[in-house]
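Note sheet for the following structure.
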Amino acid sequence: MEKISVTIDGRTFEAEKDRCVLDVAHENGIYIPSLCYNSEVTSSGGSCRVCLVEAHQGGRMRLVTSCNYPVRKGLEVKTDTPLVRRIRRGVLELLMARVPDSEVILEMAAAEGLTEPRFRKDEGESERYKCIACALCTNVCAEVVGVHAIAMTERGADKKPATPYHKPSEVCIGCGACAYACPTGAITLKERDGVRRIWGRDFEMVRCSVCGTPYIPVAQVDWIVSRTGKDRSFFDKCPDHR
Amino acid sequence: MTDVTKDATQFDRIIERYEKTEESLLAILQDFQREFHYVPEEGIRRLSEVMEVPASKIYAMGTFYKALSLTPRGRHTIKVCTGTACHLKGAPQILETLERELKVKRNGTTEDGEFTLECVNCVGACAMAPVTIVDEKYHGQTRPSKIMDMVKKQVGS
Amino acid sequence: MAAINSVEQLEAYRRELASAAKPDLPTVLVCFGTGCQANGAIPVAEAFMDMVKEQGLQLNVNIGFKTTGCHGYCENGPLVALRPQDILYLKVKPEDVPEIVEETVKGGRVVERLVYRDKVTDEVVPRYSEIPFYKHQLRIALRHIGTIDPTSIDDYILAGGYAGLAKALAMQPDDIITEVERSGLRGRGGGGFPAGTKWRSCVAVESDVRYVMCNGDEGDPGAFMDRSIMEGDPHAVIEGMIIGAFALGSHQGYIYVRDEYPLAVKNLTAALEAAREKGFLGENILGSGFSFDIKISRGGGAFVCGESSALMRSVGGDVGEPRAKYIRSVERGLYDKPTVLNNVETWANVPEIILKGAEWYASMGTEGSKGTKVFSLVGKVNNTGLVEVPMGISIRELVENIGGGVLGGKKFKAVQTGGPSGGCIPERLADLPIDFDSLTEAGSMMGSGGIIVMDEETCMVDVAKYFIGFLVEESCGKCTPCRDGLPRMLDLLTEITEGRGGEEHVAMLEELCDLLTWGALCGLGTSAANPVLSTIKYFRDEYDAHIRDKKCPAGVCKALITYSIDPEACTGCRLCAKNCPQECISGERKKPHTIDTARCIRCGVCKDVCAYDAVRIS
Numbered sequence: 011m012e013k014i015s016v017t018i019d020g021r022t023f024e025a026e027k028d029r030c031v032l033d034v035a036h037e038n039g040i041y042i043p044s045l046c047y048n049s050e051v052t053s054s055g056g057s058c059r060v061c062l063v064e065a066h067q068g069g070r071m072r073l074v075t076s077c078n079y080p081v082r083k084g085l086e087v088k089t090d091t092p093l094v095r096r097i098r099r100g101v102l103e104l105l106m107a108r109v110p111d112s113e114v115i116l117e118m119a120a121a122e123g124l125t126e127p128r129f130r131k132d133e134g135e136s137e138r139y140k141c142i143a144c145a146l147c148t149n150v151c152a153e154v155v156g157v158h159a160i161a162m163t164e165r166g167a168d169k170k171p172a173t174p175y176h177k178p179s180e181v182c183i184g185c186g187a188c189a190y191a192c193p194t195g196a197i198t199l200k201e202r203d204g205v206r207r208i209w210g211r212d213f214e215m216v217r218c219s220v221c222g223t224p225y226i227p228v229a230q231v232d233w234i235v236s237r238t239g240k241d242r243s244f245f246d247k248c249p250d251h252r
Numbered sequence: 002m003t004d005v006t007k008d009a010t011q012f013d014r015i016i017e018r019y020e021k022t023e024e025s026l027l028a029i030l031q032d033f034q035r036e037f038h039y040v041p042e043e044g045i046r047r048l049s050e051v052m053e054v055p056a057s058k059i060y061a062m063g064t065f066y067k068a069l070s071l072t073p074r075g076r077h078t079i080k081v082c083t084g085t086a087c088h089l090k091g092a093p094q095i096l097e098t099l100e101r102e103l104k105v106k107r108n109g110t111t112e113d114g115e116f117t118l119e120c121v122n123c124v125g126a127c128a129m130a131p132v133t134i135v136d137e138k139y140h141g142q143t144r145p146s147k148i149m150d151m152v153k154k155q156v157g158s
Numbered sequence: 083m084a085a086i087n088s089v090e091q092l093e094a095y096r097r098e099l100a101s102a103a104k105p106d107l108p109t110v111l112v113c114f115g116t117g118c119q120a121n122g123a124i125p126v127a128e129a130f131m132d133m134v135k136e137q138g139l140q141l142n143v144n145i146g147f148k149t150t151g152c153h154g155y156c157e158n159g160p161l162v163a164l165r166p167q168d169i170l171y172l173k174v175k176p177e178d179v180p181e182i183v184e185e186t187v188k189g190g191r192v193v194e195r196l197v198y199r200d201k202v203t204d205e206v207v208p209r210y211s212e213i214p215f216y217k218h219q220l221r222i223a224l225r226h227i228g229t230i231d232p233t234s235i236d237d238y239i240l241a242g243g244y245a246g247l248a249k250a251l252a253m254q255p256d257d258i259i260t261e262v263e264r265s266g267l268r269g270r271g272g273g274g275f276p277a278g279t280k281w282r283s284c285v286a287v288e289s290d291v292r293y294v295m296c297n298g299d300e301g302d303p304g305a306f307m308d309r310s311i312m313e314g315d316p317h318a319v320i321e322g323m324i325i326g327a328f329a330l331g332s333h334q335g336y337i338y339v340r341d342e343y344p345l346a347v348k349n350l351t352a353a354l355e356a357a358r359e360k361g362f363l364g365e366n367i368l369g370s371g372f373s374f375d376i377k378i379s380r381g382g383g384a385f386v387c388g389e390s391s392a393l394m395r396s397v398g399g400d401v402g403e404p405r406a407k408y409i410r411s412v413e414r415g416l417y418d419k420p421t422v423l424n425n426v427e428t429w430a431n432v433p434e435i436i437l438k439g440a441e442w443y444a445s446m447g448t449e450g451s452k453g454t455k456v457f458s459l460v461g462k463v464n465n466t467g468l469v470e471v472p473m474g475i476s477i478r479e480l481v482e483n484i485g486g487g488v489l490g491g492k493k494f495k496a497v498q499t500g501g502p503s504g505g506c507i508p509e510r511l512a513d514l515p516i517d518f519d520s521l522t523e524a525g526s527m528m529g530s531g532g533i534i535v536m537d538e539e540t541c542m543v544d545v546a547k548y549f550i551g552f553l554v555e556e557s558c559g560k561c562t563p564c565r566d567g568l569p570r571m572l573d574l575l576t577e578i579t580e581g582r583g584g585e586e587h588v589a590m591l592e593e594l595c596d597l598l599t600w601g602a603l604c605g606l607g608t609s610a611a612n613p614v615l616s617t618i619k620y621f622r623d624e625y626d627a628h629i630r631d632k633k634c635p636a637g638v639c640k641a642l643i644t645y646s647i648d649p650e651a652c653t654g655c656r657l658c659a660k661n662c663p664q665e666c667i668s669g670e671r672k673k674p675h676t677i678d679t680a681r682c683i684r685c686g687v688c689k690d691v692c693a694y695d696a697v698r699i700s
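Protein chains in written order, with our numbering: chain A, 11 to 252; chain B, 2 to 158; chain C, 83 to 700.
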C-alpha cells in the first residue's frame, strides 16, 4: 500500500493512501465525533454529518465528512475550527429536535454547549424517536451479515429502516447486529424466556448445554451452518463454555 | 382494474420482458404500476424471487419513487401540476378546490375508490399553466371554478 | 432499407432523400408536442389527413404533411406551420382546417384570424420568422424542432443529421475532445462545468470500460427545454452521444429520462430503434469499426435523481440516493467506471460544434459562457415558451423583447432562475447579462434554464416557502442538514406567511441556510439556501411586512388577506354567490354583493368567476 503523509490539526502522520481521515485521526489520538460510521462497515458513513472537518487541498478548502474523505498527498485537515464547530453544532441541534429522547445525542450536543433545540421537537413512536436514519443498521445487515432483512425506506424526514411492508421478515436471522450497531439505541431487541423479539418477529434461542443461557437464535445457527458448513454441534455451548 | 391474485404468472409475464439484471427493476415496477394501478406486495415478492434481489431493496425502491404506489389507487388519477409556473398561476387554488370537492387530501383516494388526487412537480407544460392531468389527458389554463366540471366531463360521471 | 455502412453511403442516401423531397410543395406541419397535444392537436392533424385523403391534394408524400416536435410556444397551441409560405397559425381547431386548406394551401392566402397578433400594437404577424417571440432567437440546440418529424430518421438525415458523426469518425478521438474544449461549451444541466474538461479528465483515467450518459431528468420546475429536445429532435441527442462515446472510447450509453415525460420516452425509444436499423448504433458504426449502443432508463419521479451520483444509482436499479463526490464520476461513476454524464441540451449541441467547428460556436455568447442557451420563459409573461438566444442577453431583453413584457401590464418584480437551487433576481438587476457566472454572482444560478417571471402579485416569501416545500418533499433523507433542516425552514417560513413570525425567524432561516450550504451531502441540499437567501437579500421589505405589519403586500398569503367586493364595480350578477363553496356571499340581484369575511375561506373562486373584476384582495 502506498504511504503518504497527511497533516491533521498541525501534526503530520504517515497513512495509507485513500484511507479515511476519521480512521487516521482516531488511530493517532485525535478525536472526531461520529455516529453513522463504523470502520468495519465500508458502506457506512456520510450521513449524519457530525464528523465534518475542514479539508485543505490544492489551495481549496471544503467541509467534508471525515468518515469517507480519502487521505491523499498534500491534504491538510483541521478538525476544530470555528466553521467546523458552527456546522457541527447546527447538525446536533437538528438531531436533538428530531430525537429529543436520545441520550447519545443529548450528550454529544452538551459537549457543544447545547441543552435545548430552538426548533419544534418531533414526537414519535418508541422506535422512531431515537432513530437518526443514519443507515448503519441496514448497512450492517446487508454488508456484514449479508441477509438484507432491512433497508432504508421512504424519503426525506420519513426515512427509516424497515422490513418489507413492516412485516416480520422471512429472511431475518435475529442476529441483532443492527441493534448492536445502532449509535443511538433506537432498535429494540427484547429477550424473554428463551425467545428474542426484533423487527416484530420472535426467534427461538439456542440454550447453552452447560449454563442453560439462551444465547443465539436458532435461525442464526441455521444461517451460519448453511453458509460456512460449520458443524451444528459447535453451537451447543455458548462462547464462554466452548 | 385488474384483480390481483396470488397467481405469479401475471407478474412473470411482465418480468420476462426484461433482462435479468438489477437495471431492469425500476422499469418492471413501473410496468406493475401501469398494469395494476399500484405495485402489489405479491409482485415485489415475486420480483425478488425471480431476480434474486432482496425484497427489502425492492420494497425500499417502492417507497422511494413517487411514480410507484404501494397501495391501490382510484379508478381515475387527477394530477395537479405544482411546478413553479403553475404555482404562480393558481395551482394551489386548483388543488384546494379539488381537495374540498372530492373530500380527499393530496395523495389520497376518495372513499368510493373513484379518484386519487396527486401533485406532480412540473410536467414541462408551463406555457399552459396551471395544468391538471386527468388520467393521461392534459388540461391547460385550468380554473378553480371550472375544474370539477372538467373532471366530471372527462370521466363521464 | 439496409444499414448504412460508410460515410459515402450516408451522403448518397442524403442526396437520394433530397431528390425525392419537393420543397416547393405546400407542407403542413402540426406540432405534436405535449402542450399542443393537450390543447387538441390530434383532432387537428386528423382533420388535415382526412382532407388530404378526401380531396387528393397534391401534398408531398414524404414531408407534405407531418407532425413535429414542440415549437416551444405551447400557450398558443395547437400550432400549425405552413411551408413554403412560412406561416404560423395559432390555436387551430379541427373546424379551421377546411379554411386553411382552401385559403392557404391551395390559394396561398393568409387566414388572418389565426395568425399572431401583437398584444400591444395589435399588429398582425403571419410570418413565423417575424413573430417577435421567434425573431430574436438563434436556434442551435433547437435547430430542427418544429421543422422535422421526430419519428422519422429520414427527416433528420435530410436536415443534415449525422453529418457531425460522419465528420467525427474521421477525426482522432483526442482532436474531438480538443474541439469541444475549444468551443467553450459548458454543461447545460445547471453547474456549467466545461464539457471538454470533463471529457478530458475521463479519458485520462485508465479503464477498459467507460460510460457516456445523458441526463434527461429535467427536474427544475418551470424548465422544459430538455423535454422539447427529447420529444422533438431525439436524434440530435443520440448523435451527440455517439460522438462523445467515440471520443471517449465508450461502448455503452444510457439516457435517463424522467417519468413525467412519456412522449419523450416514446420518441427516444423509436429513434434509438431507427438509429440501430440504419447503422448509427450497434456494431461497426458507419464502417468505422467503432461499436456503441444506448439504453433508456426511465426515472421514477424523484427530483434528486437529477444529481449525478443519485442518477447513476437509480440507473443501476436502486433508490436514488447521492453519495459523497470526493471521487468524481469521471473517475468512478456508473458501476464505479469512468463516466461522462452530460445533459440533453449539452449533447444536442455537440454534433453542430463538430460539424461547424469550435470557432463558430465560440464566436457566440460571452467571454465565460459560449454559444447559445435555451430558456423556458414562463410565469407572468405575455409570451411563454422556449427561447434559444446567445448567452449574455440581458434579463430585460428576454422578458420584454421576446417575452412581450409582463402579463396584463402588471409591474415586473423579479425573475426566478435555476429552479429550487436558484434564486430570485429583482427587476432592478434586470440588465444583468444572463450567463453562468453573473447569475451565480447575483445569488442565483443558471440551472437548466428556467426563467420564471414574477409580477407585483407574486409574494416573494411565498415563493421561498414554495421552493423549500418542494425540497422537503424531494429530499432523499440521507443526510441530517437536508432531511431535518429543510422541514424546520419550512416551519419558519410558514409561520411568517401566517403572520406568526418574529425578527428571529429571519435570523434562524439564515442560520439554517448556512448549515445546509456547508453541511449537506449533495447539490440539492447545498444549494437549497438560494431561494431563501436571495429573497431575503432582495425583498427584505416583504419579509418585514409579513413579520411587523402582518401583511402580505402581494395579496397571496391566505392568513393575511381578506376578500371584498368593490360596490362600484359589482353589477349584482350573482355569479360569485352561486359559485361560492361557503355560500358566504350575499346581495340582491343587480345590487352590490358583500362577502362575509368570517366565513370566507379565501378560495379565490369568486375572483375567478367575476366578469367585472369587482373582487378585491387586501
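C-beta: ideal position from N, C-alpha, C; glycine also.
Inset, instruction - For C/V412, decide whether its Cβ has a neighbour in chain A, counting only Cβ atoms nearer than 9 Å. - result: What you label residue 412 of chain C is simply residue 330 of the third sequence in a count that begins at 1. It does not; no Cβ of chain A falls within 9 Å.
Inset, instruction - Compare the C-beta of C/G559 with all C-beta atoms of chain A and state if any pair is closer than 9 Å. - result: Taking the third sequence and counting its residues from 1, one reaches residue 559 of chain C at position 477. Yes, contact with chain A.
Legend entry - Chain-ordered residues of the region 494-509 of chain C with a beta carbon less than 8 Å from chain B: Q498, G501
Inset, instruction - Starting from B/T98, find everything on chain C with Cβ-Cβ shorter than 9 Å and list it in chain order. - result: Residue 98 of chain B sits at position 97 when you count from the first residue of the second sequence. Those are P663, C685, G686, V687, listed as they occur along chain C.
Legend entry - Spatial neighbours of A/L73 in its chain, beta-carbon cut-off 8 Å, leaving aside the 5 residues before and after: In the first sequence, residue 73 of chain A corresponds to position 63, counting from 1. Counting only Cβ-Cβ distances below 8 Å, and skipping sequence neighbours, we find L62, V63, E64, A65, L93, V94, I97.
Inset, instruction - Sort C/E212, C/D231, C/E128 by Cα distance to C/P180 and report the nearest one. - result: By one-based count along the third sequence, residue 180 of chain C stands at place 98. Comparing Cα-Cα distances from C/P180 to each of C/E212, C/D231, C/E128, the minimum goes to C/E128.
Inset, instruction - Pick out whichever of C/G361, C/G559, C/T599, C/E555 has its Cα sitting closest to the Cα of A/K169. - result: For the purposes of this step, residue 169 of chain A is taken as residue 159 along the first sequence, with counting starting at 1. Nearest of C/G361, C/G559, C/T599, C/E555 to A/K169, Cα basis: C/G559.
Inset, instruction - With DSSP collapsed to three states, give me the class of C/T466. - result: Residue 466 of chain C sits at position 384 when you count from the first residue of the third sequence. If DSSP states are grouped into helix, strand and coil, C/T466 belongs with coil.
Inset, instruction - Indicate whether at least one CB of chain B lies closer than 9 Å to the CB of A/A167. - result: Within the first sequence, residue 167 of chain A is the residue found at index 157, counting from 1. So, not an interface residue.
Inset, instruction - Determine the closest residue to C/S530 out of C/M536, C/T540, C/I516, C/V543, with distance taken between C-alpha atoms. - result: The residue you call residue 530 of chain C lines up with position 448 of the third sequence. Checking every option, the nearest Cα to that of C/S530 belongs to C/I516.
Legend entry - C-beta atoms of C/T599 and C/E157 nearer than 9 Å: Position 517 of the third sequence, counting from 1, holds the residue named residue 599 of chain C. Position 75 of the third sequence, counting from 1, holds the residue named residue 157 of chain C. For C/T599 and C/E157, no; Cβs fall outside 9 Å.
Inset, instruction - List the residues of chain B that A/E164 touches, going by C-beta distances under 8 Å, in chain order. - result: Along the first sequence, one-based indexing puts residue 164 of chain A at 154. Near A/E164 (Cβ distances below 8 Å), the residues of chain B are T64, F65.
Inset, instruction - Compare the beta carbon distance of C/A651 and C/A696 with 9 Å and say whether it is the shorter of the two. - result: Position 569 of the third sequence, counting from 1, holds the residue named residue 651 of chain C. Position 614 of the third sequence, counting from 1, holds the residue named residue 696 of chain C. It is a contact, given that the beta carbons lie within the stated cut-off.
Inset, instruction - Reducing DSSP to helix, strand and coil, say where A/C221 ends up. - result: Counting from one through the first sequence, the residue named residue 221 of chain A turns up at place 211. In the structure shown, A/C221 sits in coil (DSSP, three-state: anything other than H, G, I, E or B).
Inset, instruction - Since I believe B/I148 is in contact with B/T98 (beta carbons under 8 Å), could you give me their beta-carbon distance rounded to a whole number of angstroms? - result: For the purposes of this step, residue 98 of chain B is taken as residue 97 along the second sequence, with counting starting at 1. For the purposes of this step, residue 148 of chain B is taken as residue 147 along the second sequence, with counting starting at 1. Confirmed, about 6 Å.
Legend entry - Three or more C-beta pairs below 8 Å linking the region 75-90 of chain B and the region 175-193 of chain A: no
Inset, instruction - Please check if any C-beta of chain C sits within less than 9 Å of the C-beta of A/R171. - result: Taking the first sequence and counting its residues from 1, one reaches residue 171 of chain A at position 161. Inspection of the sequence shows that residue 171 of chain A is occupied by Pro rather than by Arg. Closer than 9 Å: no.
Legend entry - CB of C/I436 within 9 Å of CB of C/G246, strictly: Here residue 436 of chain C is taken as the residue at index 354 of the third sequence, counted from 1. Here residue 246 of chain C is taken as the residue at index 164 of the third sequence, counted from 1. Yes, the pair counts as a contact, with Cβ atoms nearer than the cut-off.
Legend entry - Partner residues on chain C for A/N78, Cβ-Cβ distance less than 8 Å: As a working mapping, residue 78 of chain A is identified with position 68 in the first sequence. By Cβ distance, chain C contributes A406, Y408.
Inset, instruction - Could you have a look at C/E441 and say whether DSSP puts it in helix, strand or coil? - result: Stepping through the third sequence from its first residue, residue 441 of chain C is reached at position 359. C/E441: helix per DSSP, three-state reduction.
Legend entry - chain B contact residues for C/A120, given Cβ-Cβ distances below 9 Å: As a working note, residue 120 of chain C is residue 38 in the third sequence. Neighbours of C/A120 on chain B, chain order: A126, M129, V132, I134, K138, Y139, H140, G141.
Legend entry - Beta carbon proximity, B/A9 to chain A, threshold 9 Å: In the second sequence, counting from the first residue as 1, residue 9 of chain B sits at position 8. No, because no Cβ of chain A sits closer than 9 Å to the Cβ of B/A9.
Inset, instruction - Taking the CB atoms as reference points, tell me whether C/N464 and C/L393 lie closer together than 9 Å. - result: Within the third sequence, the letter at position 382 stands for residue 464 of chain C. Within the third sequence, the letter at position 311 stands for residue 393 of chain C. No, they are not a contact pair.
Inset, instruction - Would you verify that the beta carbon of B/S57 is, or is not, closer than 9 Å to some beta carbon of chain A? - result: Counted from its first residue, the second sequence places residue 57 of chain B at position 56. Answer yes: the Cβ-Cβ gap between B/S57 and chain A drops below 9 Å somewhere.
Inset, instruction - Give the residues of chain C in contact with A/G56, contact being defined as C-beta atoms less than 8 Å apart. - result: Numbered from 1 along the first sequence, position 46 holds the residue referred to as residue 56 of chain A. Within 8 Å Cβ-Cβ: R405, A406, K560, C561, L603.
Inset, instruction - Please compile the residues from chain B whose C-beta is within a distance smaller than 8 Å of the C-beta of A/A161. - result: As a working mapping, residue 161 of chain A is identified with position 151 in the first sequence. Within chain B, the residues near A/A161 are P55, S57, K58, Y60, A61.
Inset, instruction - Specify, as a first and last residue, the run of the alpha helix (DSSP H) that A/Y47 falls within. - result: Your numbering for residue 47 of chain A matches position 37 in the first sequence. No alpha helix (DSSP H) contains A/Y47, which DSSP labels as neither H nor E.
Legend entry - Three-state secondary structure assigned by DSSP to C/P108: For this step, residue 108 of chain C is matched to residue 26 along the third sequence. If DSSP states are grouped into helix, strand and coil, C/P108 belongs with coil.
Legend entry - DSSP beta-bridge partners of C/G335: Residue 335 of chain C sits at position 253 when you count from the first residue of the third sequence. According to DSSP, which records beta bridges pairwise, C/G335 is partnered with C/V294, C/I376.
Inset, instruction - Find out if the Cβ-Cβ distance for the pair B/A28, C/R380 is shorter than 9 Å. - result: As a first step, residue 28 of chain B must be located in the second sequence, where it is residue number 27. As a first step, residue 380 of chain C must be located in the third sequence, where it is residue number 298. Taking 9 Å as the Cβ cut-off, B/A28 and C/R380 qualify as a contacting pair.
Inset, instruction - Return helix, strand or coil for C/N142, following the three-state DSSP convention. - result: On the third sequence, residue 142 of chain C is found 60 positions in, with the first residue counted as 1. Here C/N142 scores only 42 on pLDDT, less than 50, and its place in the model should not be relied on; the value that follows carries that caveat. In this structure, C/N142 counts as coil in the three-state DSSP scheme.
Legend entry - Opposing strand residues paired with A/M71 [DSSP bridges]: Within the first sequence, residue 71 of chain A is the residue found at index 61, counting from 1. A/M71 pairs with A/H66.
Inset, instruction - Return the bridge partner residues of B/T110 from the DSSP annotation. - result: For the purposes of this step, residue 110 of chain B is taken as residue 109 along the second sequence, with counting starting at 1. Bridge partners of B/T110: B/T117.
Inset, instruction - Output, in sequence order along the chain, the residues in the region 84-106 of chain A whose CB is closer than 8 Å to any CB in chain C. - result: L93, R96, I97, G100, V101, L104, L105
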